[in-house]
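Residue numbers (my numbering): 1 to 322.
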């Protein structure tokens, strides 16, 4: 027997079987590759989530940056927020709207003028996308807070001239500025004199600093109990979910500023805030004025009769259609 006779017979070449074998090999390779990629993605996503949500990082982003957005924009209100993350960043989405003269029912959660704003921070906790320089019909009025150009009498005269041209029944948004900053306790007396115990008053945003001017222009710092949506403090007023207590507002603001750390300064700057200015306002604990929405023009004009009030600047007016 020859060597060739010891070899098994060579099967005839079958193109169909060859194609099937190649397809099976490609499918096995592709499925293994996809499985490895999916496993790698899940591992990366898990590691990223561990980094993103380590400790109370997500909660602190809302408490610091979510609240800072509203502090920097006292002419805006917000009631909704959400937090999302991907492999490299975490994004806080805030739905906010400029304050309007008309007050919508409390059950309306999606406001007609609400706009979504996004604040994004990377894995290192640095804000890479902030919100700064928003405008509204109250921007100019807020920008004059603390200016004190001319006498109180002159400021009253300018305001009276505006109110005298408007129907008393109109509703307005306005900035009420005090002749000198009030303590929280002094504001309590002021509020009782003007609103008494006739039920829930207007939704107020307290102004806890003057506006900056010149090259350092900035909005006055605002604070409202509605900020508890980010700050996670219980609302003092069980009936309305809001508080008009100046003393409580100052204390709550000081509590929030007390939680800020030096390393927050860069992120706060991306939102138009200075950590030094926040700490100064917290130390002063004074109320320079407030933003009010939904009060009648007549009620706002009567506020001018109080010697503690320097002026009332209207931002917008509307008819009450309720």
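Backbone N, C-alpha and C fix where the C-beta goes; we use that ideal spot for every residue, glycine too.
Under the three-state DSSP convention, the category residue i falls into
| i | result |
| --- | --- |
| residue 98 | strand |
| residue 248 | helix |
| residue 329 | Missing from the structure shown is residue 329; the chain here goes from 1 to 322 and no further. |
| residue 140 | helix |
| residue 67 | helix |
| residue 38 | helix |
| residue 149 | coil |
| residue 185 | helix |
| residue 224 | coil |
| residue 108 | With a pLDDT of 47 at residue 108, under the threshold of 50, the modelled position of this residue cannot be trusted, and the question is left open. |
| residue 297 | helix |
| residue 72 | helix |
| residue 261 | coil |
| residue 21 | helix |
Integer-rounded CB distance, given that residue j should sit under 8 Å from residue i
| i | j | result |
| --- | --- | --- |
| residue 126 | residue 267 | 7 Å |
| residue 210 | residue 146 | 2 Å |
| residue 208 | residue 292 | Going by Cβ atoms, the distance from residue 208 to residue 292 rounds to 15 Å, so no, they are not a contact pair. |
| residue 95 | residue 68 | Rounded, the Cβ-Cβ distance is 16 Å, inconsistent with contact. |
| residue 76 | residue 206 | Wrong, their Cβ atoms sit about 14 Å apart, outside the cutoff. |
Proximity of residue i and residue j at Cβ, strictly below 8 Å
| i | j | result |
| --- | --- | --- |
| residue 17 | residue 58 | no |
| residue 297 | residue 304 | no |
| residue 309 | residue 188 | no |
| residue 100 | residue 173 | yes |
| residue 166 | residue 317 | yes |
| residue 83 | residue 65 | no |
| residue 295 | residue 171 | yes |
Rounded C-alpha distance that separates residue i from residue j
| i | j | result |
| --- | --- | --- |
| residue 190 | residue 184 | 10 Å |
| residue 23 | residue 86 | 36 Å |
| residue 314 | residue 122 | 40 Å |
| residue 242 | residue 31 | Unreliable placement is indicated for residue 242, whose pLDDT of 44 sits below 50; the coordinate value is still reported in the next sentence. Their Cα atoms are separated by approximately 57 Å. |
| residue 272 | residue 186 | 29 Å |
| residue 319 | residue 138 | 18 Å |
| residue 264 | residue 61 | 10 Å |
| residue 71 | residue 223 | 6 Å |
**Request:** Say whether the region 249-267 touches the region 276-285, bearing in mind that this needs 3 or more beta-carbon pairs closer than 8 Å, one atom from each stretch.
**Result:** Yes, the region 249-267 is in contact with the region 276-285.
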